[in-house]
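Mapping to the working numbering: the sequence shown position 140 is 140, numbers consecutive.
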Amino acid sequence: MAEDAKWYVIHTYSGYENAVAAAIMKSAENRRMQDLIQEVNIPMETVTEITDGGEKTVERKVFPGYVLCKMVLTDDSWHLIHNVRGATGFVGAGGKAVPLTEQEIYDLGVERHEIVTGYQIGDTVKVTDGPLAGFLGTVEELEPEKDRVRVVVSMFGRETPVDLELDQVEEIKE
Numbered sequence: 001m002a003e004d005a006k007w008y009v010i011h012t013y014s015g016y017e018n019a020v021a022a023a024i025m026k027s028a029e030n031r032r033m034q035d036l037i038q039e040v041n042i043p044m045e046t047v048t049e050i051t052d053g054g055e056k057t058v059e060r061k062v063f064p065g066y067v068l069c070k071m072v073l074t075d076d077s078w079h080l081i082h083n084v085r086g087a088t089g090f091v092g093a094g095g096k097a098v099p100l101t102e103q104e105i106y107d108l109g110v111e112r113h114e115i116v117t118g119y120q121i122g123d124t125v126k127v128t129d130g131p132l133a134g135f136l137g138t139v140e141e142l143e144p145e146k147d148r149v150r151v152v153v154s155m156f157g158r159e160t161p162v163d164l165e166l167d168q169v170e171e172i173k174e
């Protein structure tokens, strides 16, 4: 069932996000529903505030009044969420919970997938996919957080920078 888990947004009373998150996890533990309710997340951001006393770095909620929950939606898990004090329900159309899309999860930074590349800036690599498959090039820029790599490829005697995804390039082993 764990592979059916999706991220849902739960609306809460303002200021109750931490209490709701803790209560959801505690209720899931008490009812032995950890397989249904796997993770609760309150998206936070670090902000530098400038006040009369100088600069101060604080953590604040990205979406006040909302909690993200990775769960398998069943009648039992739905009732658990609705019975938590401070939670008003799921975000969705017509009272029906709608899960976040993969792109929304990625954009929110809720789940981070660490990407390890075997190459660095300046390394010679081979393009393995796309119209330039088989070409050799030199890594000019590397942005693992955006899943991008810029490779300078020699085409028709000219150096041409090409933006590719990380998995379209492989390191050449000497």
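C-beta: ideal position from N, C-alpha, C; glycine also.
A quick note: this is a predicted structure, and the numbers were derived from the prediction, not measured.
Beta-carbon contacts of Gly86 that lie in its chain and below 6 angstroms, excluding the five residues immediately before and after:
Thr12, Tyr13, Tyr16, Ala19, Val20
Is Pro64 helix, strand or coil when you go by DSSP?
coil
What number of angstroms, rounded off, separates the C-alpha of Glu159 from the C-alpha of Gln168?
19 angstroms
Is the Cβ-Cβ distance between Trp7 and Ile81 less than 8 angstroms?
no
Which word fits Ile121, buried or exposed, when buried means at least 16 other C-beta atoms lie within 10 angstroms of its C-beta?
exposed
Keeping to the same chain, check which residues put their C-beta closer than 8 angstroms to that of Gly95; ignore five residues upstream and five downstream.
Gly89
Quick check on DSSP: helix, strand or coil for Asp163?
strand
How many Å lie between Glu59 and Glu49 at the Cα?
10 angstroms
To the nearest angstrom, how far is the alpha carbon of Val162 from that of Arg150?
5 angstroms
Taking the alpha-carbon of Thr74 as reference, which of Leu36, Arg32, Leu166 has the nearest alpha-carbon?
Leu36
DSSP beta-bridge partners of His11
Tyr66, Gly89
Taking 8 angstroms as the cut-off, decide whether the C-beta atoms of Val84 and Ile24 are in contact.
yes
Between which two residues does the alpha helix (DSSP H) harbouring Glu29 extend?
17-30
If contacts are defined as beta-carbon pairs under 8 angstroms, then Thr117 and Pro144 qualify, I think. What distance do you get, rounded to the angstrom?
6 angstroms
In the DSSP assignment, what residue or residues form a beta bridge with Ser154?
Glu159
Which residues mark the beginning and the end of the beta strand (DSSP E) in which Glu171 is found?
169-171
Spatially closest choice to Gly134 from Ser154, Lys26, Arg148, by CA coordinates:
Ser154
Around the C-beta of Leu132, are 16 or more other C-beta atoms found within 10 angstroms, so that it is buried, or is it exposed?
buried
Output needed for Arg31: all residues of its chain with C-beta closer than 7 angstroms, excluding positions within five of it in sequence on either side, in chain order.
Leu80
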